[in-house]
Amino acid sequence: MIIQGKCHTFGNDIDTDAIIPARYLNTTDPGELARHCMEDADPTFAGRVQKGEIIVAGKNFGCGSSREHAPVAIKAAGVAAVVAASFARIFYRNAINIGLPIFESPEAAAGIKAGDEVKIDAGKGEIVNLTRGETYPVAPFPPFMQELIAAGGLMPYVARKVKTSV
109 MIIQGKCHTF GNDIDTDAII PARYLNTTDP GELARHCMED ADPTFAGRVQ
159 KGEIIVAGKN FGCGSSREHA PVAIKAAGVA AVVAASFARI FYRNAINIGL
209 PIFESPEAAA GIKAGDEVKI DAGKGEIVNL TRGETYPVAP FPPFMQELIA
259 AGGLMPYVAR KVKTSV
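Under this note's numbering, think of the first position of the sequence shown as 109, with each following residue one higher.
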């Protein structure tokens, strides 16, 4: 899996309330959630982000309350991947379960700046900053995880598996 795009950067401890504020939790519509993605961290983000772009953040991205709305909002906004120095575990699991690729790399989080163009090779385990000519290590996704993400998340993955096994 190769993902390439322009980066939007955020700091440490971006919690789920900053990703999708609680005032929007009364909807499960991905399009509506996308319109408010990152609203409390950067009110202009949802209007600027383009399909295929990448969020890069510091430590503990997705901390706070456990809500699937947060990765859904990010994915629905068109973000192709999230790179962070570290993730809150529940956010990590929720993101993978909905098919949002996320990559933990403290080196990439420290080296990538807003507007940089990067290429992520999930199979090879590297992030290349095409703007700065730097390469950062990232744990490669095992084939199963690549399959799960390519399927669009856990539910579509399981549905496909059930369909092909019948």
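Ideal Cβ positions, reconstructed from N, Cα and C, are used throughout, including at glycine.
Rounded separation between residue i and residue j - CA only
i	j	result
Asp150	Ala189	18 Å
Glu161	Met146	14 Å
Cys171	Ala178	10 Å
Val236	Lys269	33 Å
Ala216	Phe199	19 Å
Thr239	Glu225	6 Å
Gln112	Lys227	4 Å
Met109	Ala259	12 Å
Phe252	Val157	29 Å
Residue i CB to nearest heavy atom of the ligand GDP below 8 Å
i	result
Pro179	This structure does not include the ligand GDP; it has no bound ligands of any sort.
Enclosing beta strand (DSSP E) for residue i [first to last residue]
i	result
Lys91	The structure shown has nothing for residue 91, since the chain only spans 109 to 274.
Beta-carbon contacts of residue i that lie in its chain and below 7 Å, excluding the five residues immediately before and after
i	result
Ala247	Glu212, Gly233
Ala222	Cys115, His116, Thr117
Helix, strand or coil at residue i [DSSP, three-state]
i	result
Phe118	coil
Thr272	helix
Gly113	strand
Thr124	helix
Pro245	strand
Contact set for residue i: own chain, Cβ-Cβ below 6 Å, skip 5 residues either direction
i	result
Ile163	His116, Val187, Val190
Output the residue ranges of the alpha helix (DSSP H) runs that lie fully inside the stretch 148 to 224 and measure 4 residues or longer, sorted by chain position. 153 to 156, 177 to 184, 197 to 205, 214 to 219
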